[in-house]
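Structure first, then comments.
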Amino acid sequence: RTAHYLSTAALATALSAFQVSAQPADALPMAIESGSVTVISGGVDLDQAERMKQAAGRYPLRVVFSVPGGNYAVPEEFTLMQGGTTMVKIPSAGPWLLIDLPPGAYTLQARDEDRLFERAVTVSRKGDTVYWTVPDGSS
4 RTAHYLSTAA
14 LATALSAFQV
24 SAQPADALPM
34 AIESGSVTVI
44 SGGVDLDQAE
54 RMKQAAGRYP
64 LRVVFSVPGG
74 NYAVPEEFTL
84 MQGGTTMVKI
94 PSAGPWLLID
104 LPPGAYTLQA
114 RDEDRLFERA
124 VTVSRKGDTV
134 YWTVPDGSS
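Heads up: take any position in the sequence shown, counting from 1, add 3, and you land on the working numbering.
This is the structure in structure tokens:
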């Protein structure tokens, strides 16, 4: 039985290594789609943040969360609304969000702990970037 467990573990390790190497090194995180909105949330590590920056120009709305002092922030939940209707809600969002959506007026919400932060944004045809500094919890 011990040999069987070892060979199963070895096979699982080999398969997981194959799955990791099958994804291109320059791949973005998986897109989240909801109706006419597509969101890519990521940028937690430096390599991924760099890939998100490189892809940013292809998305009409870019949101970058940080705390005072410049460190990246990841809100517990991000909500995109238009006219009071929730278009997409994402847990543990960011710190970079690349959002493909039509031009228009939107409300962005970021929830962290028991606090809700809200921001109105108008997305133009050329695209817009929102650099959003949220309190770090000690404020």
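For glycine and all other residues, C-beta sits at the position ideal for the given N, C-alpha and C.
Only a predicted model underlies this, so the values are computations on that prediction, with no experimental measurement involved.
Rounded Cβ spacing between residue i and residue j (contact assumed at less than 8 Å)
i	j	result
Pro105	Ser39	6 Å
Ala108	Trp135	With 8 Å as the limit, Ala108 and Trp135 do not qualify as a contact, their Cβ atoms being about 17 Å apart.
Pro32	Gln51	7 Å
Thr41	Ala34	5 Å
With 16 other Cβ atoms within 10 Å as the buried cut-off, status of residue i
i	result
Ser44	buried
Arg54	buried
Beta-carbon gap between residue i and residue j smaller than 7 Å
i	j	result
Val133	Val126	no
Asp115	Pro78	yes
Met90	Thr110	no
Which of helix, strand or coil DSSP assigns to residue i
i	result
Asp50	helix
Lys56	helix
Arg61	helix
Glu80	strand
Pro94	strand
Arg118	strand
CA nearest to the CA of residue i, picked from the options
i	options	result
Leu100	Pro138, Asp139 and Ser69	Ser69
Trp75	Ser37, Ile35 and Gly46	Here residue 75 is Tyr; the residue named in the question, Trp, does not match the sequence. Nearest C-alpha to Tyr75: Gly46.
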